[in-house]
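Working notes for the structure below.
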Amino acid sequence: MRIRAATLKLGETFIGIQLAKIVESKNPKYPVGQYVTAHFGWRSHTISDGSPINGQIPALVPNFGGLPLSLALGVLGRPGVGETVVVTGAGGAVGSHVGQIAKIKGCKVIGITGSDEKGRVLVEELGFDHFINYKIADVDKALTELAPEGVDCYFDNVGGEISSTILRHMNTFGRISVCGGISAYNETDLENLKVSTTQRSFISLQLKMEGFQVIRWFDRWNEGTQQNLKWIKEGKLKYKETVTEGFENMFTAFTNMLRGGNIGKAIVKV
1 MRIRAATLKL
11 GETFIGIQLA
21 KIVESKNPKY
31 PVGQYVTAHF
41 GWRSHTISDG
51 SPINGQIPAL
61 VPNFGGLPLS
71 LALGVLGRPG
81 VGETVVVTGA
91 GGAVGSHVGQ
101 IAKIKGCKVI
111 GITGSDEKGR
121 VLVEELGFDH
131 FINYKIADVD
141 KALTELAPEG
151 VDCYFDNVGG
161 EISSTILRHM
171 NTFGRISVCG
181 GISAYNETDL
191 ENLKVSTTQR
201 SFISLQLKME
211 GFQVIRWFDR
221 WNEGTQQNLK
231 WIKEGKLKYK
241 ETVTEGFENM
251 FTAFTNMLRG
261 GNIGKAIVKV
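Going by full-length UniProt numbering, the first residue of the sequence shown is number 1, and it counts up by one from there.
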């Protein structure tokens, strides 16, 4: 989302997925009253020929990420039974989803988040083994205590110094999937950002890092969604949502999400 947003020009409609109700239609495939999902962006009404509409049935597809992370985590991180997985940004839609999939695969999962409230949700409701509140805890010390066996797979949503710390706890041949860089999203002086040298960890531990973009598996989107639905029906996968009422509050909801004010998927009800 953020990579795509960087290409937008001032005044263009901001990107986003909508769950929308058809109020008028001349297309027999999409009758009035039907609900659809599509990348319509930030708008209250849309005129469409039907081409961008997702074929999923919205009532069966909870909007908690909607991506085939079940595929991506396996391809990039390849977590195995008994391995230790660390997820940053764990209280958000993607992080909370990733951690649960790792648990389904038999891993020990540690979520790093910005509040005890989020941490309790991760452990008590979503099944994470441990959480670390990076705002009050020493992440380095906490990882030593919670993962003395080391970290095998790291799903990175934040970058920055926290990631540099986690890398020092990786096991040999550890795998890192890079999905985001939350720590630098609000930085204005990008040329003078403090950057830690991580080459020593990569060389000595022979680590593998790979970028993660969901469009890489877009042709398998529905396959991943069906897997997620199966896990939901089995009670293995849960989702959280933070819902804001009113289209006029879209910007407030968006900035609140970037500040970490949401738990799970941030949704605006128009």
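Backbone N, C-alpha and C define an ideal beta-carbon position, used for all residues, glycine too.
| field | Residue closest to residue 265, alpha-carbon to alpha-carbon, out of 221, 45, 44, 96 | value | Taking the first residue of the sequence shown as position 1, residue 265 is located at position 265. Among 221, 45, 44, 96, the Cα nearest to that of residue 265 belongs to 96.
| message | Contact defined as beta carbons within less than 8 Å: I believe residue 268 pairs with residue 250. What is the distance between those atoms, to the nearest angstrom? | response | For the purposes of this step, residue 268 is identified with residue 268 of the sequence shown, where counting begins at 1. For the purposes of this step, residue 250 is identified with residue 250 of the sequence shown, where counting begins at 1. Here residue 268 really is in contact with residue 250; their C-beta atoms are around 5 Å apart, less than 8 Å.
| request: Could you please give the first and the last residue of the uninterrupted beta strand (DSSP E) stretch that includes residue 162? | output: For this step, residue 162 is matched to residue 162 along the sequence shown. Careful: residue 162 lies outside any beta strand (DSSP E), inside the alpha helix (DSSP H) at 160–167.
| message | If distances are taken between C-alpha atoms only, which option among 135, 116, 235 comes closest to residue 183? | response | As a first step, residue 183 must be located in the sequence shown, where it is residue number 183. The shortest C-alpha separation from residue 183 is found at 135.
| request: State the beta-bridge partners of residue 26 as determined by DSSP. | output: Your numbering for residue 26 matches position 26 in the sequence shown. Partner residues in a beta bridge of residue 26, as assigned by DSSP, do not exist.
| field | Reduced DSSP category for residue 12 - H, G, I as helix; E, B as strand; rest coil | value | On the sequence shown, position 12 is the one that residue 12 refers to. Here residue 12 sits in coil by DSSP.
| task | In angstroms with no decimal places, state the Cα-to-Cα distance between residue 209 and residue 79. | result | Reading the sequence shown from its first residue, position 209 is the one you call residue 209. Reading the sequence shown from its first residue, position 79 is the one you call residue 79. When rounded, the distance between both Cα atoms is 14 Å.
| message | Distance check for residue 32 and residue 179, CA to CA, integer angstroms please. | response | Within the sequence shown, residue 179 is the residue found at index 179, counting from 1. Within the sequence shown, residue 32 is the residue found at index 32, counting from 1. The alpha-carbon atoms of residue 179 and residue 32 are separated by roughly 38 Å.
| Mind checking if residue 230 is an interface residue toward chain B, Cβ cutoff 7 Å exclusive? | Among the protein chains of the structure shown there is no chain B, as only one such chain exists.
| query | Do you know offhand how far residue 224's Cα is from residue 138's? | reply | Counted from its first residue, the sequence shown places residue 224 at position 224. Counted from its first residue, the sequence shown places residue 138 at position 138. If I take the Cα positions, the gap works out to 36 Å.
| query | Beta carbon of residue 155: closer than 6 Å to some heavy atom of the ligand SAH? | reply | The ligand SAH is absent from the structure shown, which contains no ligand whatsoever.
| message | Let's test the definition: count the other Cβ atoms within 10 Å of the Cβ of residue 10 and tell me whether it reaches 16, buried, or not, exposed. | response | In the sequence shown, counting from the first residue as 1, residue 10 sits at position 10. Residue 10 is exposed by the Cβ-count criterion.
| Taking residue 241 as the reference, which of 181, 255, 261 has the closest Cα? | Taking the sequence shown and counting its residues from 1, the one referred to as residue 241 is at position 241. Checked all of 181, 255, 261; the closest Cα to residue 241 is 261.
| task | Take residue 30 and list the residues in its own chain whose beta-carbon comes closer than 8 Å to its own, dropping the five residues that flank it on each side. | result | Along the sequence shown, one-based indexing puts residue 30 at 30. Hits under 8 Å: 22, 36, 50, 53.
| Among 94, 117, 142, nearest to residue 110 - alpha-carbon criterion | Translated into the one-based positions of the sequence shown, residue 110 becomes position 110. Closest by alpha carbon: 142.
| field | Element boundaries [alpha helix (DSSP H), containing residue 216] | value | Residue mapping note: residue 216 aligns to position 216 of the sequence shown, counting from 1. No alpha helix (DSSP H) contains residue 216, which DSSP labels as neither H nor E.
| message | Please classify residue 175 as buried or exposed, where buried requires at least 16 other C-beta atoms within 10 Å of its C-beta. | response | For the purposes of this step, residue 175 is taken as residue 175 along the sequence shown, with counting starting at 1. With 16 or more Cβ atoms within 10 Å of its Cβ, residue 175 is classed as buried.
| field | Residue range of the unbroken alpha helix (DSSP H) whose run includes residue 97 | value | Here the question's residue 97 lines up with position 97 in the sequence shown. Unbroken alpha helix (DSSP H) run through residue 97: 93–104.
| said: Out of 25, 13, 34, 27, which one is the CA nearest neighbour of residue 44? | reply: Position 44 of the sequence shown, counted from the first residue, corresponds to residue 44. Of the candidates 25, 13, 34, 27, the one whose C-alpha sits nearest the C-alpha of residue 44 is 13.
| request: Going by DSSP, name the residue or residues bridged to residue 133. | output: As a working mapping, residue 133 is identified with position 133 in the sequence shown. The partner list for residue 133 (beta bridge, DSSP) reads 113.
| task | Counting only the same chain and skipping the five closest in sequence on each side, list residues whose C-beta sits under 6 Å from that of residue 129. | result | Your numbering for residue 129 matches position 129 in the sequence shown. So the list reads 108, 109, once near-sequence residues are dropped.
| residue 102 beta carbon less than 7 Å from that of residue 81 | Position 81 of the sequence shown holds residue 81. Position 102 of the sequence shown holds residue 102. In this structure, residue 102 does not lie closer than 7 Å to residue 81 by Cβ.
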